[in-house]
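Some notes on the structure that comes next.
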Amino acid sequence: MTIDRDFLFATLADLIRINSINPTLAAGGQGEAEISDYVSRALTAMGLEVRRFEPEPGRISVTGTLRGSGGGKSLMFNAHYDTVGVEGMDDPFSAAVRDGKMFGRGSYDMKGSLAAQMAAMKALVDSSTKLRGDVMFAAVADEEYGSLGTADLIRHVKTDAAIVTEPTAVRICLAHKGYLWIDVETKGRAAHGSRFEQGIDANMRMGRFLAELEKLERDLRARTPHPLVGPPSLHAAMLHGGGGLSTYASSCKLQIERRTVPGETEAQAVGELQQIVDRLMAADPSFQATLRAFFVREPFEVAKDAGIVQALDRALRNALGRAPEYMGDTPWMDAALLQSAGIETVVMGPGGGGAHAAVEWVEMESVVQMASILAEAALDYCA
Ligand SMILES: [Zn+2]
6 MTIDRDFLFA TLADLIRINS INPTLAAGGQ GEAEISDYVS RALTAMGLEV RRFEPEPGRI
66 SVTGTLRGSG GGKSLMFNAH YDTVGVEGMD DPFSAAVRDG KMFGRGSYDM KGSLAAQMAA
126 MKALVDSSTK LRGDVMFAAV ADEEYGSLGT ADLIRHVKTD AAIVTEPTAV RICLAHKGYL
186 WIDVETKGRA AHGSRFEQGI DANMRMGRFL AELEKLERDL RARTPHPLVG PPSLHAAMLH
246 GGGGLSTYAS SCKLQIERRT VPGETEAQAV GELQQIVDRL MAADPSFQAT LRAFFVREPF
306 EVAKDAGIVQ ALDRALRNAL GRAPEYMGDT PWMDAALLQS AGIETVVMGP GGGGAHAAVE
366 WVEMESVVQM ASILAEAALD YCA
C-alpha cells in the first residue's frame, strides 16, 4: 500500500498543535472538542461515513467508516486523542522535527498512532480496493482518565476485531495487566490519650494488616510470572488514620492498588486480602476491619492464533519484509474494554518515548510503517 507521507506528517503536526489535554487530569485541558472537529473534517474529506459520539459535553469520540460490499469481516482501528498535562514541558505543542523524531505532548501517546490510522484509511480510499468488510477508524476521548470514549463507543458500534494502536515500537502486543482499587478500614475506639484502658488504636491495628500485606506482596512477586506481563503486584498507595494527637485513632483507612495478570480474577485477588483480615480478626477480637474493591479494570490477553493476530502478523511481513516481534505490556489499555465487548483485539503502534514525561517524541519512520501495516491488515482481514 502506498502511504501519502506528506499527508501523514502534516496531519501528525496538526494533531500535536491542537491542545487535547484531558480536562479531568489537568487545568487548562481543552478536551476533545477541537481535535474531534479536525479529525471529522479530514475523514469527511476522504469520503468516509463519519459519526460523532458525545457521552458528556465536549468529550467527543469520532468514527469514520469505509463501507465494504458486504459479507466480509469488520475491523476497527482505535486510538485515543486525549493527552496528559504539559507541566514541565518547554514547548508542548511545537511539533518540532529533529533527527527523524517529531516532538510534543501526545506525539507518542498517541497522536502518531492517530495519524497512522488516518493515513491508512486514506491509502485504502486512494487505492480504490474493494473490500467485503467494513473498516472503521475510531478516535476516542478520555482514555487517560476514565475511558469514557471507548466505554461509550462499544455501546453504539460493533466490529469483529480491533487494533488498538497504543505505541509498542511496532511490536505485536498480546497482553496487558489489569488492576483493582481496594479500600480497607480498621476500626478502633476513640478515647482520651491518657485513658489507655478505654482506647482501641485503629492505626496500630492497620499496622498488623500492613505487616501481613507486605508478606502477600512478596508472595505475589514470587509467583510464576505470566510469560508476557510478569508477576502480579500490589502497593499500599494511600493511608490515613487518626484525628488528633491526644486521641486514640477510631479509624484508619488504606487504599490498595492490586495489579492483576491475565488469568487472575477479581474474586481471587480480593479473597487473598480478605483472608488476611479474617486471620487477624480470629487472632484478636479487638481487631475489626472491613475490605471492599471499588474499581476494577480487567487484564487483557489475546491468543497468538486469533484471526486478527494472524492477519496483523501477515500484514507486518508484507509491509516490512520481516517477521514480527511479540510482547506484553504492563499499563492498562482500552484493549480490555473492546475485548470484553466481544471484539477480538490486539495492540500495536509506533515507536518513540517520553509518554507522560517532559520530553515526548514519536519516531516518524515508525509512524509510516504503522500506516502501511494497518492498511495491509485491513486488506487481509476485511477481504
Ligand atoms: Zn495511550
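Using our numbering, the first residue of the sequence shown is number 6, and each one after it goes up by one.
Cβ atoms here follow ideal geometry from the backbone N, Cα and C, with glycine treated the same way.
In the DSSP assignment, residue 283 falls within the unbroken alpha helix (DSSP H) covering 271–288. Burial is judged here by how many other beta carbons sit within 10 angstroms of a residue's own beta carbon; residue 104 has fewer than 16 and is exposed. Between the segment 166–182 and the segment 331–338, the count of C-beta pairs closer than 8 Å reaches three or more; the two stretches touch. Per the DSSP secondary-structure output, residue 309 pairs with nothing in a beta bridge.
For the options 206, 112, 169, the alpha carbon positioned closest to that of residue 253 is the one of 206.
Shortest Cα-Cα distance from residue 291 to any of 106, 13, 193 involves 193. Within the DSSP bridge table, the entry for residue 188 names 260, 297 as partners. By the Cβ neighbour-count rule, residue 202 is exposed, with fewer than 16 other Cβ atoms within 10 Å of its own. In this model, residue 111 and residue 25 are separated by some 9 Å (Cα to Cα). Between ligand 1 and residue 171, a heavy atom-to-CB distance of less than 8 Å is present.
In this structure, residue 66 places its C-beta atom within 9 Å of the C-beta atom of residue 144. With respect to the 9 Å criterion, residue 274 and residue 298 are classified as neighbours on the basis of their beta carbons. When the alpha-carbon of residue 22 is set against those of 32, 11, 40, the nearest one is in 40. Looking from the CA of residue 349, the closest CA among 367, 355, 340 belongs to 340. Here DSSP, grouped into helix, strand and coil, assigns residue 303 to coil.
Distance from the CA of residue 14 to the CA of residue 37, rounded to the nearest whole angstrom, comes to 21 Å. In the three-state reduction of the DSSP assignment, residue 362 falls in the coil class. Between residue 42 and the set 28, 58, 27, 33, the nearest pair of CA atoms involves 58. In the three-state reduction of the DSSP assignment, residue 175 falls in the coil class, being assigned neither a helical nor a strand state. Selection 364, 142, 75 evaluated against residue 56 yields 142 as nearest (Cα-Cα).
Rounded to whole angstroms, the separation of the alpha carbons of residue 74 and residue 236 is 45 Å. At the C-beta level, residue 9 and residue 131 come within 9 Å of one another.
For ligand 1, a non-hydrogen atom lies closer than 8 Å to the CB of residue 85. By the CB criterion at 9 Å, residue 293 and residue 191 fall inside the cutoff. For secondary structure counted as the beta strand (DSSP E) over 3 or more consecutive residues, the segment 189–256 holds these complete runs in sequence order: 238–246.
For the pair residue 64 and residue 186, the Cα-to-Cα distance works out to about 25 Å. Beta-bridge partners assigned by DSSP to residue 320: none are found. For residue 141, the beta-bridge partners assigned by DSSP are 70, 81.
A check of alpha carbon separations from residue 166 across 199, 90, 83, 174 identifies 83 as the nearest. When only Cα atoms are considered, residue 47 and residue 71 end up about 13 Å apart. Between the beta-carbon of residue 385 and that of residue 319 there is about 6 Å, and that keeps the pair under the 8 Å contact cut.
With at least 16 other beta carbons inside 10 angstroms of its own, residue 97 counts as buried. One alpha carbon belongs to residue 374, the other to residue 325, and they sit about 7 Å apart. Considering only 360, 295, 227, 150, the residue with the shortest C-alpha distance to residue 257 is 295. If you compare the alpha carbons of 368, 306, 288, 18 with that of residue 169, the shortest gap goes to 306. DSSP, reduced to helix, strand and coil, places residue 14 within a helical segment of the structure shown.
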